Structure formats: structure tokens, C-alpha cells
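Protein chains in written order, with my numbering: chain F, 640 to 749; chain E, 95 to 207.
Accompanying notes for the structure given below.
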């Protein structure tokens, strides 16, 4: 079982839609969770991080962690074409290595 | 300066060539990383440097040789690569090994012919 699993998509939505991106993880000891956005031919860019359970909001983005079900989510409200990218969830392993999910490709069409 | 700068952006090399990738940051970060990313796959960790010392080598073949000459600079020396080594090579840095906020460069797109 992979440590972090993510639906690769692609996910195609109209502009203005609410997008839900999801990951599951295998180890209940994981505590920090990150979402990175990667545009084509660019490096990943840290969008949000969360620690433990709960929600964290930043503008149109909300990160959510449910530790009881080992489920992490990123919600994008009022999605824009500029949000079209690959979204990678990530966490730190027990040996402090940053490990990524497979990434979900998102396309927002006008 | 809040960037990680990687050069060159693109590199084509033959299987007998020797080349180097360069990564630079001036954010005072003391941890630096090399990742390899194949198309439509997530980045995979190759090497970790902490305070200029190699702390993790993820069983990377010896044809990849990392070097950290100082706290701002990270190199990846390449020699006798194979076509399957063609990928996007990403450098990242963070305050230290426990910092969750990695800053990634834009990568070097390497093609081995």
C-alpha cells in the first residue's frame, strides 16, 4: 500500500465550480499535510499546509484533514482557468522525508 | 530573494557525456534536496543535504553524484547516464529538515540521447 494515494484524474470543471481534491494516507502517525500546485513545466509550489485535524482556509482554498479516516481534502471555490494545474498532496514520512501523492490534474474551462 | 534558481533549464546529453546541474538559493535555508520527476508522476526524492552534509541518499545509482559546496549551492553531477534517466530534475530547499515549507525550483528538463 502506498503511503499517500490520490486519484490522478483528470478532473475537468467549468469556471466558477467548487472543486474537491482528495487523498488518503496509510500511517496514522503522519501529522503534517501539504498541498502543492504544479503548473506544466514548473516546480511544485506550496499552496497550503495543515497540522492534525480540522480545516484551514486561505482565500478560495480550504484544506481539510480527517485523521479518523486518514483523509485529506483541498476545496477550491469559484474555480478559475488559472487554477488549471496538477495538485499534489504531501506529508512527511516517519523519517522526515516529504512524500507526495500521485497528483490530480485539474482543468478549469471558461 | 525567495527563489530557488536552477540552471540550465534544458539539457540534452549523450550517454558518454559528463554534465552538471546547478541549484542556488539565498534564503538562508540549511536543507537542500534533489528530486526526479518523470512525466505524469510525482517527484521522487534522490538526495538530501542538511547543513551541507549528505544525510539521505535514496539508493540512487552512482552515475548521479551530488555536491554541496556551500550553504547556498547544490550541484548534481551526471556521468554515463541512460535514456531512462531523462526526466525533470527538481531542486528544493527548506529552513531545515523539519520545516514543512519546501521551496522548489522550476527544474532542469534533462534528455539523454
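In this text, a Cβ means the ideal position worked out from N, Cα and C, and glycines have one as well.
Computed from a prediction, not measured in an experiment: that's the story for all the values here.
Counterpart residues of residue i in DSSP-defined beta bridges
i, result
"residue 188/E", "125/E"
"residue 104/E", "203/E"
is_contact[residue i, chain E] using C-beta, thresh 9 Å
i, result
"residue 706/F", "no"
"residue 711/F", "no"
"residue 741/F", "yes"
"residue 695/F", "no"
"residue 727/F", "yes"
"residue 663/F", "no"
CB contact below 9 Å: residue i versus chain F
i, result
"residue 192/E", "yes"
"residue 184/E", "yes"
"residue 124/E", "no"
"residue 205/E", "no"
Residues near residue i in its chain [Cβ-Cβ closer than 6 Å; skip 5 each side]
i, result
"residue 112/E", "173"
"residue 170/E", "115, 128, 160"
"residue 739/F", "727, 729"
"residue 125/E", "144, 188, 190, 191"
"residue 669/F", "730"
Supposed close pair residue i, residue j - CB separation, criterion 8 Å
i, j, result
"residue 98/E", "residue 119/E", "5 Å"
"residue 737/F", "residue 183/E", "With 8 Å as the limit, residue 737/F and residue 183/E do not qualify as a contact, their Cβ atoms being about 16 Å apart."
Contacts around residue i, its chain only, beta-carbon distance under 8 Å, and the 5 residues preceding and following it disregarded
i, result
"residue 108/E", "206, 207"
Chain-order list of residues whose beta-carbon lies under 7 Å from that of residue i (same chain, five-residue window excluded)
i, result
"residue 181/E", "130, 131, 132, 204"
Option nearest residue i by Cα separation, candidates the options
i, options, result
"residue 153/E", "201/E, 138/E, 185/E", "138/E"
"residue 708/F", "649/F, 665/F, 656/F", "665/F"
"residue 687/F", "654/F, 663/F, 737/F, 697/F", "697/F"
"residue 653/F", "732/F, 723/F, 742/F", "723/F"
"residue 96/E", "660/F, 735/F, 700/F, 684/F", "684/F"
"residue 718/F", "644/F, 682/F, 660/F", "660/F"
"residue 705/F", "655/F, 690/F, 676/F", "690/F"
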